[in-house]
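Presented below is the structure to which this report refers.
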Amino acid sequence: MLAERTAGGVSELAAEAIAERTGVRTHRVAVVLGSGWQQAAAEIGEPAASVPMAEVPGFETPTAQGHQGTIHSVVVGDAPVLLLMGRQHLYEGHAPGQVVHNVRTALAAGAETVLLTNAAGGIREDLSVGEAVLISDHLNLTGRTPLEGANFVDLVDAWDPELRALAREVDPGLTEGVYAGLTGPQYETPAEIRMLRTLGADLVGMSTVLEAIACREGGAKVLGISLVTNLAAGVTGAHLSHAEVLAEGHAAAPRLGKLLRGVLER
Ligand SMILES: Nc1nc2[nH]c(I)nc2c(=O)[nH]1
Numbered sequence: 042m043l044a045e046r047t048a049g050g051v052s053e054l055a056a057e058a059i060a061e062r063t064g065v066r067t068h069r070v071a072v073v074l075g076s077g078w079q080q081a082a083a084e085i086g087e088p089a090a091s092v093p094m095a096e097v098p099g100f101e102t103p104t105a106q107g108h109q110g111t112i113h114s115v116v117v118g119d120a121p122v123l124l125l126m127g128r129q130h131l132y133e134g135h136a137p138g139q140v141v142h143n144v145r146t147a148l149a150a151g152a153e154t155v156l157l158t159n160a161a162g163g164i165r166e167d168l169s170v171g172e173a174v175l176i177s178d179h180l181n182l183t184g185r186t187p188l189e190g191a192n193f194v195d196l197v198d199a200w201d202p203e204l205r206a207l208a209r210e211v212d213p214g215l216t217e218g219v220y221a222g223l224t225g226p227q228y229e230t231p232a233e234i235r236m237l238r239t240l241g242a243d244l245v246g247m248s249t250v251l252e253a254i255a256c257r258e259g260g261a262k263v264l265g266i267s268l269v270t271n272l273a274a275g276v277t278g279a280h281l282s283h284a285e286v287l288a289e290g291h292a293a294a295p296r297l298g299k300l301l302r303g304v305l306e307r
């Protein structure tokens, strides 16, 4: 609610608290680690300092299963990187301003580049479970926005082409896809997946699109990477389970950590 009431000021308050608690005034790069990516954080490096999200203004402890709700400052190469472990989702009942508090805080802390990671359902037939996919563009199907008023943010190249090229240098095997962001928390019906495929979506999830919009509003470059942890409904006859989602993330962690570290070291 704090983020709701004092929108605009609360991210500065949060950034100030992070600077005080970590001893790092400016973090030029931030990473949001979504479901399945938290184990990858250990591969990025040992945190120099950590702060529970619940102790930073405007954050609530994420309730989504598998989320840790911690903010780390990690030195990668010679630069401090802000790791945000977990995120808040629309399906938890949060307003858009609360959902994007993480990235607005990162920008207030000096971030000029934000890596957004998530777990997603694979729609495109050639995608497989456990695969990391670069986000090339998104469909915001949440019906919501973190923006207010006549704030006509340009979203062409919102998913930064140079950062995507850099990620492909790190791992030439990476493919790209369009991410459809929905509110959830239910997974889609097979008919909805057929609709999303027709609309041009390759991946489907319940996060990320609002954060990307907020990053672009603040002028930060964005790189997005999805971990395919299930094939979307109807792609196979299988039923979906969140437990499998988390298990897949755990299995992929070492590879994902190497990818993130490779990108962050560039
Ligand atoms: N909407 C939606 N979100 C997801 N998140 C994950 I992991 N898999 C899915 C999925 O199949 N659909």
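Going by the working numbering, the final residue of the sequence shown carries number 307, and the count climbs one at a time with no gaps. Glycine included, C-beta positions come from ideal geometry on N, C-alpha and C. Since the structure is predicted, the reported quantities are computational estimates derived from the model, not experimental observations.
Boundaries for Asn-192: no beta strand (DSSP E) harbours it, and the DSSP string shows neither H nor E there. Within the DSSP bridge table, the entry for Val-73 names Leu-125 and Leu-157 as partners.
C-alpha of Gly-163 to C-alpha of Met-247: approximately 13 Å in a straight line. For Pro-93, the enclosing beta strand (DSSP E) begins and ends at 90-93.
The three-state secondary structure of His-135, taken from DSSP, is coil. In this structure, Gly-77 keeps its C-beta atom at 8 Å or more from the C-beta atom of Leu-300. Bridge pairing for Ile-176: Gly-218 [DSSP]. Contact annotation: Val-70 and Pro-88 have beta-carbon atoms that are not nearer than 8 Å. Taking each of Glu-133, Pro-98, Glu-101 and Ala-90 in turn and checking the Cα distance to His-113, the smallest one comes out for Ala-90. Spanning the alpha carbons of Thr-270 and Ala-149 requires a straight line of approximately 32 Å. Relative to Leu-240, the option among Arg-307, Tyr-220, Thr-249 and Pro-226 whose CA is nearest is Tyr-220. Secondary structure of Ser-114 (DSSP, three-state): strand.
Judged by the Cβ position, Leu-223 qualifies as a neighbour of ligand 1 at the 7 Å threshold, a heavy atom of the ligand being closer than this.
Here Lys-262 is bridged, per DSSP, to Thr-154. In this chain, the beta strand (DSSP E) harbouring Leu-244 covers 244-246.
One thing to note: Leu-54 has its Cβ within 8 Å of the Cβ of Pro-98. Ile-234 and Thr-224 have their C-alpha atoms some 14 Å from each other. If you check the CB distance, Ile-85 and Ala-173 do not come in under 8 Å. Collapsing the DSSP output to three states places Ser-52 in a helix.
Beta-bridge annotation (DSSP): Val-269 is paired with Ala-161. If you draw a 10 Å sphere on the C-beta of Ala-279, you find fewer than 16 other C-beta atoms in it, and that means exposed. A residue is called buried when at least 16 other Cβ atoms come within 10 angstroms of its Cβ; Arg-66 does not meet this threshold and is exposed.
Classified as buried, Pro-121 has 16 or more neighbouring CB atoms from the shown chains inside 10 Å of its CB.
Each residue's CA atom was taken as its position, placing Arg-62 and Ala-56 some 10 Å apart. In the three-state scheme derived from DSSP, where H, G and I count as helix and E and B as strand, Thr-63 is classed as helix. Taken from the Cβ of Val-245, at least one heavy atom of ligand 1 lies inside 7 Å.
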